[in-house]
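My numbering puts the first residue of the sequence shown at 8, with every later residue one more than the last. A quick write-up on the structure given underneath.
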Amino acid sequence: MADLTIVVAFDEKYGIGIDNKLPWHLPEDLAHFKRTTTGRPIIMGRKTFDSIGRPLPNRRNIVITRNPDWKHDGVDVAYSLEAALKLVGETPSCIIGGGQIFAEALPITNRMVVTEIGKAFECDAFFPAIDPKQWKEVARESHHSESNGFDFAYVTYERTGE
């Protein structure tokens with residue numbers, strides 16, 4: 008099985024986006040995301056890629072789409088999560104969204120690197136429910152955003168094997 012890490016930011020209600028955009032502006036989290044994913048393949052759905060707008064540098068960008076005509080320079084295309092995983096083989100890789108891809112990847116993921124936003128936002132996309140019996144918190148780094156006025160934490164979870 009591939010070494011998969013979900014990298015996600017969600018709010019108090021597991022919200023991850025609205026109108027295909029992040030509902031918050033948190034530069035610290037964007038820098039954390041870059042540190043976490045640089046040098047690794049990143050796997051995402053087409054809507055997530057569209058929201059980013061370009062391939063992210065220093066990472067192999069793999070986009071999952073059902074559209075056989077979809078192409079973009081600097082991007083490898085896969086038509087399913089299974090096909091994307093075949094592209095990366097045993098290379099440690101990151102799943103970066105969106106909601107449907109997270110839901111498909113969660114059962115086969117070893118680790119989650121989560122930015123937990125200490126506030127609720129209006130969202131139309133959500134991270135799937137996490138079974139607390141299957142995950143243990145192994146690291147937490149708490150912060151406060153002066154510019155936004157809310158707390159957030161970088162939290163790493165590992166699968167318990169249950």
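A virtual CB, placed ideally from N, CA and C, is assigned to each residue, including glycine.
Three-state secondary structure (DSSP) at residue i?
i: residue 41; result: helix
i: residue 105; result: coil
i: residue 111; result: helix
i: residue 143; result: strand
Spatial neighbours of residue i within its chain, please: C-beta separation below 8 Å, excluding the five flanking residues on both sides.
i: residue 97; result: 9 and 10
i: residue 86; result: 71, 72, 73 and 75
i: residue 35; result: 150, 152 and 159
i: residue 167; result: 140, 141, 142 and 143
i: residue 234; result: In the structure displayed, the chain extends from 8 to 169; residue 234 sits before or after that span and is not available.
i: residue 130; result: 18, 20, 22, 23, 24, 25 and 30
Is it buried or exposed for residue i, if we count other Cβ within 10 angstroms and need 16 for buried?
i: residue 164; result: buried
i: residue 18; result: buried
i: residue 77; result: exposed
i: residue 12; result: buried
i: residue 37; result: exposed
i: residue 30; result: buried
i: residue 90; result: exposed
i: residue 32; result: exposed
i: residue 127; result: exposed
Sorted by chain position, which residues of the same chain lie with C-beta nearer than 6 Å to residue i's C-beta, five sequence neighbours on each side aside?
i: residue 123; result: 160 and 162
i: residue 138; result: none
i: residue 146; result: 163
i: residue 43; result: 14 and 120
i: residue 148; result: 161
Indicate, with yes or no, if the ligand PLP has a heavy atom lying under 7 Å from the CB of residue i.
i: residue 38; result: Of the ligands one can find in the structure shown there are none, so the ligand PLP has no counterpart to examine.
If I measure Cβ to Cβ from residue i and keep anything under 7 Å in the same chain, skipping five residues before and after, which residues do I get?
i: residue 84; result: 70, 72, 77 and 78
i: residue 88; result: 71, 108, 111 and 112
i: residue 94; result: 69, 83 and 85
i: residue 81; result: 62 and 68
i: residue 125; result: 19, 157, 158 and 159
Q: Please confirm if the region 127 to 134 is in contact with the region 106 to 114, defined as three or more CB-CB distances below 8 Å between the two stretches.
A: A contact exists between the region 127 to 134 and the region 106 to 114.
Q: Evaluate contact between the region 149 to 169 and the region 59 to 68, counting only Cβ atoms and requiring at least three cross-stretch pairs below 8 Å.
A: Here the region 149 to 169 makes no contact with the region 59 to 68; the two share fewer than three CB pairs at distances below 8 Å.
Q) So, do the region 67 to 75 and the region 36 to 56 have three or more beta carbon pairs nearer to each other than 8 Å? A) yes
Q | Whole beta strand (DSSP E) elements within the region 10 to 91, 3-residue minimum | A | 11 to 17, 22 to 24, 49 to 52, 68 to 71 and 82 to 85
Q.
Does the contact criterion of 3 or more C-beta pairs under 8 Å hold for the region 28 to 48 versus the region 80 to 100?
A. yes
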